[in-house]
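Enquirer:
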Amino acid sequence: MTEEASPSGAAMGEAEGEVKEFTVEASSFKFNPATITVNKGDTVKITLTNKGGFHDFIIDEFNAKTKQLQAGQSETMLIKQVRLNTTAQLVTTASRAWSAS
């Protein structure tokens, strides 16, 4: 079953999109939630919390990544004004942190 995160944040205006904040937990071969949804123009703040092992977090489409985190560590990334033509779902897999679809 795929879980989708519900963003929190306040609207910044229609042209600029919204500020959306997500907390993602990394554990053995999975990320929770597995999917988040963002819209063109949104500013996205993602905090990765590593629950075990070594994990990093990469979103090639937005040129965003964290350092490799050890268990118990967290890091936050900020993606300002998502540049897409439409809504994107960011989907996690064990071999790839995120990809926009």
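Numbering (the numbering used here), first residue to last: -4 to 96. C-beta: ideal position from N, C-alpha, C; glycine also.
Answer yes or no: does any C-beta atom of chain C fall closer than 8 Å to that of ASP55?
Expert: No chain C appears in the structure shown, which is made up of a single protein chain.
Enquirer: Could you check the C-alpha separation between PRO28 and SER22 for me, to the nearest Å?
Expert: Here residue 28 is taken as the residue at index 33 of the sequence shown, counted from 1. Here residue 22 is taken as the residue at index 27 of the sequence shown, counted from 1. Rounded to whole angstroms, PRO28 to SER22 spans 11 Å at the Cα level.
Enquirer: Alpha carbon to alpha carbon, how far is GLU13 from THR32?
Expert: Translated into positions along the sequence shown, residue 13 becomes position 18. Translated into positions along the sequence shown, residue 32 becomes position 37. Taking the Cα positions, GLU13 is about 12 Å away from THR32.
Enquirer: Based on the DSSP secondary-structure assignment, which residues constitute the bridge partners of VAL39?
Expert: Here residue 39 corresponds to residue number 44 of the sequence shown, with the count starting at 1. DSSP output for VAL39 lists LYS15 and ILE74 as bridge partner(s).
Enquirer: For the beta strand (DSSP E) that contains LYS46, what are its first and last residues?
Expert: Residue numbering aside, residue 46 sits at position 51 when the sequence shown is read from its first letter. Element bounds for LYS46: n/a, residue is neither H nor E.
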